[in-house]
Amino acid sequence: MTEPLIVQVALPVPLPHLFDYRVPLDVAVIEPGMRVLVPFGRRQSVGIVIRQAEKSDVPRNKLLALHAVLDKEGPLLDKPLIELLRWCWNYYKHAPGEVVASALPPALRKAKGVVPGIPSSFSLTADGRERLGQPQGRAPVQFAMLSALADGPLGEAGLAGIGSQWRKTLSAVMEKGWVVEEAAPPAKPRFAPGPSLLPDQLEAVDSISGSLDRFGCHLLDGVTGSGKTEVYMSLLEEVIDGGRQALVLVPEIGLTPQLIRRFRNRLGLDPAIIHSGLGAGARLNSWAAARSGRARLIVGTRSALFTPLPEPGVIILDEEHDASFKQQDGFRYSARDVAVKRASDLDIPVVLGSATPSLETFSNAVEGKYSWHTLRERATRAPLPSWRVLDMRQQASTSGLSNAALDAIAETLERGEQAMVFLNRRGYAPVLMCQQCGWSGNCGRCDAHLTWHRTARKLVCHHCGSQRSAPQFCPDCQADALLGAGEGTQQLEEFLEKKFANVPVLRFDRDRTSRAGVMDRQLEQVRDGGPCLLVGTQMLAKGHHFPGVTLVIIVNIDQALYSADFRSLERMGQMILQVAGRAGRVEKPGTVVLQTLHPDHAALELLLTRGYEAYARWLLAERQAAGLPPAGYQALLRAEAHDRAAAERFLDEAVGIFPRGEARVYGPMPAIMERVGGRSRMYLVVQGPARTALHRQVDQWLPVLRMLPSARKVRWAVDIDPQNL
Ligand code: ADP
Ligand code: ZN
Ligand code: ZN
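Residue numbering for the sequence shown follows numbering that gives the first Met the number 0, beginning at 0 and increasing consecutively.
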């Protein structure tokens, strides 16, 4: 008797392994990448077959048979994609089933979901054309449908315009033999000529397109407006023209209608769009179009990374430094790093574009691992803005804005120009700071800035874990002026609305612009060019050009200067340059005003006088001295529980069983945002000079961690290459 066939299946559950099932004899075809319906506990579950196996560790009489194979037309995920996902769950130490599920469009995670077929195209037959030559007669709607097809075939969308009964009409005219249905041929792109490229652009395009047939990492480094998108489009044209597919990943708020329009106009095709905000049906259609190879250009956010590409040609990541490329919960991965891995697997180039590259990418370019293409000039010829640093210690201010800044806004608006106030709100560890003299706390034991934990009224060192209570008065100048850096600007938006009541004050924040159409309407108003004041957060730093804006005020940078997070200076520099790059045009160059209590901060001065490259080199040297990423490697063990002591106990025990080796473990310490949703969050940092050693130690650690009784009392997770504390 032959052994029954066994398959290992990825099920969407948070367990660190695959599940074995027996394949019933009546199943004719089963391959890796197909979905199966299996019994799981008292329910059924949909999983993906990862591989076939000869035997199982599950005893034979306990081995359950799968219920059904759901994908009879072939695997949903091809072999390279399954291999990539396997790499991901090993590297990121996350449950395989959840990793695999994240690669499927939500509609296919259910048993009912089916892959849509190739869309239809309808065309007139000879009889149909003849009928069209005769008088309209008594069926005007049918006649209208024939007329609509007179100029050539149409898809369903094209026929739906005939009227609400279009499906009925369509079956009628098909029954009469006037119209036939065929699979729509893939859309033919029609490339529109682009501008003639500048020498730097040309060099980048030539170099990358000369190596389209093999893996290579390319950093496209150029300020906003230097023509990076034009470079992408020249490459896309070449890739698509060669019959291959291109995947373009953009940050979450970079996927703007403007960008899609640009691709459409220049390349003459509709990109398949994939992002998590899209309806399930639309997302499934885009995914299916990519999988069938019909979609030549796929544009999406982080999650689009796992789209099947049967004819891969190139992967492009725009604004590669953007934090939204890192998934921050569940399956925590870096879409940038996985994109590089995927390109290497597929033996195609990957292009990372940015005006302010992440230090990880920057150091790879410095070391020559990545090809480094620099665009030095602005294609628009608009000069870069000039800087002005306002010392807040010598300024009267209201709601966080100095009088000098208010005067500058008023003058700008009076000249009929536009101004922007950028509130730097997210992403930094809170810092307690004296508004009088600029004092902020330092750890006495190590050379680190202290983080302010407001509810606990403590100052915490996130380097060594030591804590002390927050002072009431400034230890340096004794003033009663201690405030969280950036606090006091909550009322700023309302204040500005009142103060500048005679011009439109447009607020861009997540709450406001999530309402349908608000964002578009406001952008429209900005484009109209009349005087207005833009007020907003990170949303203003990406994806848009505001050529009418000639004054930018940036508030709250101090929080970044003294944050405990070692990435905060990197993020601050990126943010300042990104915001500044949005403004101004040739005839009206912009001014950027930075408000700070620390006008002589060395990093700030370096950034403003010598530019990003010098700044990044300096930051990199600092990281190297401290062994911090990218000069070292990190993993976090995160734990959260209602009961802080439970989280602490688990992490303490975890420290006790950390395997010996090159990488060391530090902590436990409270997360920078310690309490979220009634839970206390804490973490350990694992840090070491070599990636392989660190991974080996973490891999040894995990199975033992899972067996700790204290592990069952907390929610915990590993975060490899973490971006936030
Ligand atoms: P980036 O992506 O670096 O911000 P873009 O590609 O969007 O830059 O270019 C900025 C502006 O300059 C766009 O309006 C673009 O059409 C224009 N542009 C880019 N390259 C050229 C060029 N070689 N000649 C003329 N205009 C260009
Ligand atoms: Zn002080
Ligand atoms: Zn310390």
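Glycine included, each C-beta is placed from N, C-alpha and C at the ideal position. Owing to the predicted nature of the structure, the values given are computational and were not obtained by experimental measurement.
What I want to know is whether the C-beta of residue i ends up closer than 8 Å to one or more non-hydrogen atoms of ligand 3.
i    : result
C531 : no
S439 : no
G743 : With the chain represented from 0 up to 724, any question about residue 743 goes unanswered, as that position is not in the structure.
S465 : yes
A428 : no
A447 : yes
C87  : no
C442 : yes
Can you give the beta carbon distance from residue i to residue j, rounded, assuming they're within the 8 Å contact cut?
i    : j    : result
Q594 : A404 : 6 Å
V551 : V592 : 7 Å
L316 : G367 : With 8 Å as the limit, L316 and G367 do not qualify as a contact, their Cβ atoms being about 20 Å apart.
A342 : I314 : 5 Å
K78  : I5   : The pair is not a contact, with the Cβ atoms about 19 Å apart (cut-off 8 Å).
P105 : A279 : 5 Å
M681 : H461 : Contact flag wrong, Cβ pair sits at about 11 Å.
G176 : D126 : 5 Å
Is the distance from the Cβ of residue i to the Cβ of residue j below 9 Å?
i    : j    : result
G329 : L248 : no
A428 : Q558 : yes
F507 : G529 : no
A662 : Q696 : yes
G292 : E310 : yes
A149 : L123 : yes
H372 : L197 : no
C216 : P348 : yes
G666 : A692 : no
L103 : L76  : yes
L268 : R189 : yes
A110 : V45  : yes
G583 : P382 : yes
V140 : I161 : yes
R263 : M232 : no
R354 : Y614 : It should be pointed out that residue 354 corresponds to Ala in this sequence rather than to Arg. Result no, Cβ atoms of A354 and Y614 do not sit closer than 9 Å.
In angstroms, rounded to a whole number, what distance separates the CA positions of residue i and residue j?
i    : j    : result
E202 : S120 : 42 Å
A500 : A418 : 14 Å
Q471 : L481 : 7 Å
G440 : L258 : 44 Å
R21  : I272 : 38 Å
L704 : L14  : 14 Å
T450 : H274 : 35 Å
H452 : F361 : 33 Å
A540 : P356 : 15 Å
W715 : E673 : 14 Å
W88  : V37  : 22 Å
M0   : P307 : Since pLDDT at M0 reaches only 47, below the 50 mark, its modelled position is unreliable, and the value read off the structure follows with that caveat. In a straight line, the C-alpha of M0 is about 39 Å away from that of P307.
Y332 : Q326 : 5 Å
V554 : F421 : 6 Å
P134 : L211 : 56 Å
G415 : T228 : 30 Å
D390 : M432 : 15 Å
R690 : A634 : 10 Å
L773 : R616 : Within the shown structure, residues of the chain are numbered from 0 to 724, placing residue 773 beyond reach of any answer.
G312 : F214 : 10 Å
F494 : F657 : 53 Å
Going by the C-beta, is residue i closer than 8 Å to any heavy atom of ligand 1?
i    : result
P188 : no
For residue i, is the beta carbon positioned less than 8 Å from some heavy atom of ligand 2?
i    : result
C460 : no
D475 : yes
C216 : no
C433 : yes
A480 : yes
Exercise. Could you tell me which uninterrupted beta strand (DSSP E) segments, each at least 3 residues in length, are contained entirely in the segment 30-104, listed from first to last along the chain?
Key: Qualifying beta strand (DSSP E) stretches, in chain order: 34-39, 42-52.
Exercise. Taking only runs that begin and end inside the segment 477-507, name each unbroken beta strand (DSSP E) of 3 or more residues, in chain order.
Key: Runs of the beta strand (DSSP E) inside the segment 477-507: 481-483, 504-507.
Self-check item: beta strand (DSSP E) runs contained entirely in the segment 584-628, provided each spans 3 or more residues
Solution: Fully enclosed beta strand (DSSP E) runs of 3 or longer: 590-595.
Exercise. Give, in chain order, every unbroken run of the beta strand (DSSP E) that is at least 3 residues long and sits entirely within the segment 662-710.
Key: DSSP runs (the beta strand (DSSP E)) wholly in the segment 662-710: 663-675, 678-687.
Self-check item: Nearest-residue set for ligand 5, Cβ under 5 Å from any heavy atom
Solution: Although ligand 5 was asked about, the structure shown includes only ligand 1, ligand 2 and ligand 3 as ligands.
Quiz item: Considering only residues of the segment 97-179, which uninterrupted beta strand (DSSP E) runs meet the minimum length of 3 residues and lie entirely inside it, listed in chain order?
Solution: Taken in chain order, the unbroken stretches of beta strand (DSSP E) that lie wholly in the segment 97-179 and span 3 residues or more are 119-123.
Self-check item: Secondary structure, alpha helix (DSSP H): runs of 4+ residues fully inside the segment 327-358
Solution: For the alpha helix (DSSP H) assignment, the uninterrupted runs of no fewer than 4 residues enclosed by the segment 327-358 are, from N- to C-terminal side, 334-345.
Quiz item: Can you list, in chain order, the stretches of the beta strand (DSSP E) that have 3 or more residues and sit fully within the segment 517-559?
Solution: As far as the segment 517-559 is concerned, its whole beta strand (DSSP E) runs of at least 3 residues are 532-535, 548-554.
Practice problem: Mind listing, in chain order, the continuous alpha helix (DSSP H) runs of no fewer than 4 residues lying wholly within the segment 352-419? | Solution: Runs of the alpha helix (DSSP H) inside the segment 352-419: 358-365, 402-413.
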